[in-house]
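Asker:
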Amino acid sequence: KMQKISDLETPALVVYKHIVAANCKRMYDLANSHGVILKPHFKTSKCLEVAIMLSGGTKRGIEVSTLAEADFLAKNGFDDIIYAFPLSSHKITRCAALSEQLEKFTVFVDDPLIIQQLDKYKLKDKKWSILVEVDVGGSRSGVQADSPLLLNLVEEIKKSDNLTFAGLYSHCGQSYGCTNQREINEVARAATTTLLSVVERLKTKGINCPSYGIGSTPSCSRPVPEMSKLTEWHPGNYVFNDQMQVRIGSCKEEDIACFVLTRVVSHYNKKGDIYMIINCGWTALSLHGGGDCGGRSPNSGFGFIQGHPELKLSQMSQEHGIVRSSDQLKELDLSRYPIGSLLRVYPDHSCGTCAMHSTFYVADQNDVIIDEWTPVKGW
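If you're matching positions, the sequence shown starts at 1 in UniProt numbering and goes up one per residue.
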């Protein structure tokens, strides 16, 4: 029997394949039209089927956030994989195995101690491929762009016979703090300019930088002209998108490719507090963003109930979701949502929501389930 979305057990993570394909194509075309190479991030979906779409079917040039993801992709015929997380000494052995197994495996470094350790750990018949991570304002990992340490790190890599300087990488994570397109453009322009200034600074020291790119879906979805001066972009969330991307203007609601399907399980009127329970707690949605999306979006709660602006997912525990009226002045009419009825919750941040699920139910445009995808788990 043909299974429809409405037949699924809940909670369930549903992915529209045609929207994923359209999102992948849009970003691929954008990068192409700006003359840059797209090296997309795998961390949002962690599914083989999506990785193939992300790479345009080439199985080349993809970034991962864990070595479990790298091992999984390598086993499935992928190459030119970038481990986009600061390398720590206890991961060197696993990275060495991947470096020797693949034609190209690149690691991230932002600390001189790791460079010394990599220099001592010789690979068979090849050199370590190393990207230096630059902090262009996101204040997460990476060496500050104006720090003298940056030049020292690159010079240390260049000095060694066992290491290759593959270029510079930066995330541009501060774009997620933006609230509109103008702010995103300003952040992307500043991040790009900062990174290009580092490339120029290296040039004055006689060091050629083979690649230099920035990521983040907000900055790459609506790119500023300066971004065509980069060699690559590496966004990731765009593959599924989410309500956060809609809110800051990276995409439209119809570009969100995934949602959590849930059912209404009970109704309550407790001394005038009228609400209903859905079977979507934080184990199905994640707590990323927090209530009202960390205060950035009043009345939105922990997720967005598609097609029902009058509803607010106001509280969550492990398995319970509590839904109230989004307008405190309007009473919730429970008769509109019979027990057993289905609701669709858009995630505030799809990377967090996807991480909570071990099966993704894949649907076509007619809401027929056409596949099940299994994400890789662990580290």
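All residues carry an ideal CB built from backbone N, CA and C; glycine is no exception.
Note that the structure is predicted; figures quoted are calculated from it, not measured.
(1) Find the nearest neighbour of K104 within the set S129, K158, L87, D119, judged by alpha-carbon distance.
(2) If you draw a straight line from the alpha carbon of E69 to that of D79, how long is it in whole angstroms?
(3) Among V64, C251, V198, K43, which has the Cα closest to the Cα of C95?
(4) Which one of H267, G57, G301 has the shortest CA to CA distance from L332?
(5) Decide if the segment 195-214 is in contact with the segment 237-246; the criterion is three or more beta carbon pairs, one per stretch, under 8 Å apart.
(6) Would you mind reading off the limits of the beta strand (DSSP E) that contains W282?
(7) Along the chain, where does the beta strand (DSSP E) containing K127 start, and where does it finish?
(8) Does the distance from the C-beta atom of I256 to that of Y346 stay below 8 Å?
(9) When the Cα of I278 is compared with those of V134, E319, S286, which residue comes out closest?
(10) For the candidate residues S6, T283, A145, I339, whose alpha-carbon lies nearest to that of H357?
(11) On the CB-based measure, 16 or more other CB atoms within 10 Å of its CB, does T217 come out buried or exposed?
(12) Hey, out of T44, V154, G272, whose CA is closest to T374's CA?
(13) Return helix, strand or coil for A166, following the three-state DSSP convention.
(14) Kindly indicate which three-state DSSP category D71 falls into: helix, strand or coil?
(15) Rounding to the nearest angstrom, what Cα-Cα distance links L54 and S221 in this structure?
(16) Is the separation between the beta-carbon of A363 and that of I52 shorter than 8 Å?
(17) Tell me, which residues are paired with I369 by DSSP?
(18) Just to confirm the assignment, what range does the beta strand (DSSP E) spanning E103 have?
(19) Thinking C-beta only, is T66 closer than 8 Å to W379?
(20) In chain order, which alpha helix (DSSP H) runs of at least 4 residues are fully inside the segment 36-72?
(21) With H, G and I counted as helix, E and B as strand and the rest as coil, what does DSSP make of T374?
(22) With a threshold of 16 other CB atoms inside 10 Å of the CB of H18, please say whether the residue is buried or exposed.
(23) Label V368 either buried or exposed according to how many other C-beta atoms from any shown protein chain fall within 10 Å of its C-beta, with 16 as the threshold for buried.
(24) Going by alpha carbons, who is nearest to R344 out of C280, S326, A145?
(25) Rounded to a whole number of angstroms, what is the C-alpha to C-alpha distance between S141 and L8?
(26) Check whether the segment 23-43 touches the segment 320-330, counting contact only when three or more Cβ pairs, one atom from each stretch, lie closer than 8 Å.
(27) What is the DSSP secondary structure of P347, reduced to helix, strand or coil?
(28) Shortest alpha-carbon distance to S88 belongs to which of S197, N269, Q116, I81?
(29) With a cut-off of 8 Å on the beta carbons, I'd call residue 433 and R263 a contact; round off their distance for me.
(30) On the premise that E226 lies in contact with R189, defined as a C-beta separation below 8 Å, what is that separation, rounded to the nearest angstrom?
(31) Could you work out which residue in S170, A97, Q365, R324 is closest to D273 when comparing CA atoms only?
(32) Return the CA-CA distance between I157 and V14, expressed in angstroms with no decimal places.
(33) Can you list, in chain order, the residues of its chain with a C-beta nearer than 7 Å to that of Y121? Leave out the 5 residues immediately preceding and following it.
(34) Can you tell me which of the three DSSP states Y212 falls into?
(35) For T192 and G56, what's the separation of their Cα atoms in angstroms?
(36) I'd like to know whether the C-beta of K205 is nearer than 8 Å to at least one C-beta of chain D.
Answerer: According to the structure shown:
(1) For the residues S129, K158, L87, D119, the minimum Cα distance to K104 belongs to S129.
(2) Distance between the alpha carbons of E69 and D79 is about 12 Å.
(3) Nearest in C-alpha terms to C95, of all of V64, C251, V198, K43, is V64.
(4) Out of H267, G57, G301, the CA that lies nearest to the CA of L332 is found in H267.
(5) Flag = no, the segment 195-214 and the segment 237-246 do not touch.
(6) First-last for W282: 282-285, but that is the alpha helix (DSSP H), not the beta strand (DSSP E).
(7) Unbroken run through K127: none, as it is neither H nor E.
(8) In contact: I256 and Y346 (Cβ atoms closer than 8 Å).
(9) Among V134, E319, S286, the Cα nearest to that of I278 is on E319.
(10) For H357, the nearest C-alpha among the options comes from T283.
(11) Buried is the call here.
(12) Ranking T44, V154, G272 by Cα distance to T374 puts T44 first.
(13) In the structure shown, A166 sits in a strand (DSSP, three-state: E or B).
(14) In the displayed model, D71 falls within a helix according to three-state DSSP.
(15) Their Cα atoms are separated by approximately 15 Å.
(16) For A363 and I52, no; Cβs fall outside 8 Å.
(17) According to DSSP, which records beta bridges pairwise, I369 is partnered with A363.
(18) Secondary structure note for E103: it is in no beta strand (DSSP E), with a DSSP letter that is neither H nor E.
(19) Yes, the Cβ-Cβ distance between W379 and T66 is below 8 Å.
(20) Within the segment 36-72, the complete alpha helix (DSSP H) runs of at least 4 residues are 48-54.
(21) Correct three-state label for T374: coil.
(22) Exposed is the call here.
(23) Residue environment analysis places V368 among the exposed positions, since fewer than 16 neighbouring C-beta atoms fall within 10 angstroms of its C-beta.
(24) It is C280 whose Cα lies nearest to the Cα of R344.
(25) Distance between the alpha carbons of S141 and L8: 40 Å.
(26) No, because fewer than three Cβ pairs between the segment 23-43 and the segment 320-330 fall closer than 8 Å, the two stretches do not touch.
(27) Here DSSP, grouped into helix, strand and coil, assigns P347 to strand.
(28) Out of S197, N269, Q116, I81, the CA that lies nearest to the CA of S88 is found in Q116.
(29) The requested residue 433 does not occur in the structure, where the chain is confined to residues 1 to 379.
(30) The beta carbons of R189 and E226 sit about 6 Å from each other, so the pair counts as a contact at 8 Å.
(31) That would be R324, whose Cα lies nearest to the Cα of D273.
(32) Pairing I157 with V14, the inter-Cα distance amounts to about 45 Å.
(33) The residues are I92, A96.
(34) The three-state secondary structure of Y212, taken from DSSP, is strand.
(35) So the two alpha carbons sit approximately 25 Å from each other.
(36) No chain D is part of this structure, which consists of one protein chain only.
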